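*Asks:* For the sequence shown, full-length UniProt numbering begins at 1 and goes up steadily by one. Okay, handing you the structure first.
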Amino acid sequence: MGLKRIGKTTLLGLSYDTNMEWSVMPELSARQVIKWELNKTYHVVLKMHDGVGSVYVDGTLFWMMRLRNSFNEQLDAVSHFYVWRVR
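Below, the structure written as structure tokens:
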């Protein structure tokens, strides 16, 4: 799931892989590994405020980082949300 900016690039997102690990997009910092369980429901929050992106999984802060040196409202505006499911 994630947020795309007007230029169609991912502004902030969270995915999981076949190793059963969460992954934040874009990968701007050292990767933090958190495992996920098959058939378990998770509550995920993606938050953007004043150029700082945060990701919460089940109410726990997973990742937080300033996404750019300066926040440009016109360039960094969210154009759409996306959600996908892997079967």
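Cβ coordinates follow ideal geometry from the N, Cα and C atoms, glycine included. Bear in mind that the values here come from a model prediction, so they are computed numbers and not experimental data.
1. Quick one: what's got a C-beta closer than 8 Å to L61's C-beta in the same chain, skipping five residues either side?
2. So for Y42, helix, strand or coil by DSSP?
3. In its own chain, which residues sit with a C-beta less than 7 Å from the C-beta of D17, not counting the 5 before and 5 after it?
4. Buried or exposed, going by whether 16 or more other CB atoms sit within 10 Å of the CB of G59?
5. Say whether chain B places a C-beta atom closer than 8 Å to the C-beta of V24.
*Replies:* According to the structure shown:
1. Position 61 of the sequence shown, counting from 1, holds the residue named residue 61. Within the same chain, S54, V55 come within 8 Å of L61 by CB-CB distance, once the 5 residues on both sides are set aside.
2. Reading the sequence shown from its first residue, position 42 is the one you call residue 42. DSSP places Y42 in coil when its eight states are reduced to three.
3. Numbered from its first residue, the sequence shown carries residue 17 at position 17. The beta carbon of D17 sits closer than 7 Å to those of S23, all from its chain and outside the five residues before and after it, given in chain order.
4. Walking along the sequence shown from the start, residue 59 turns up at place 59. Burial call: exposed.
5. The structure shown contains no chain B; it holds only a single protein chain.
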